[in-house]
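The sequence shown runs 0 to 66 under numbering that gives the first Met the number 0. All C-beta atoms, glycine included, are put in the ideal place defined by N, C-alpha and C. Comments concern the structure below.
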Amino acid sequence: MKVDAEVTTESGKFDATTRDLSRGGVCFVVPSEMGMGSTFTISLSLILGENTFSEPLVLNGTVAWCT
């Protein structure tokens, strides 16, 4: 199932591409660098069909790893 994601940081909001989503965390790609230890909010919605999404799941997080 595909997941739509939006990440909010001190710098603003970014559309994100999820790479891995599990109980232990989420790996996502954003267009702007996020520093280690920075905090963010991520909003995740399942893509159910064309222009059809689930209610968003909003989570707070801290960057633990990046490349």
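- CA-to-CA, the gap between G48 and V6 works out to about 22 Å.
- Counting of Cβ neighbours within 10 angstroms places V28 among the exposed residues, the total staying below 16.
- Looking at the DSSP output, V57 bridges to S42.
- Rounded to the nearest whole angstrom, the C-alpha separation of E32 and N59 is 18 Å.
- The continuous beta strand (DSSP E) containing V25 extends over residues G24 to V28.
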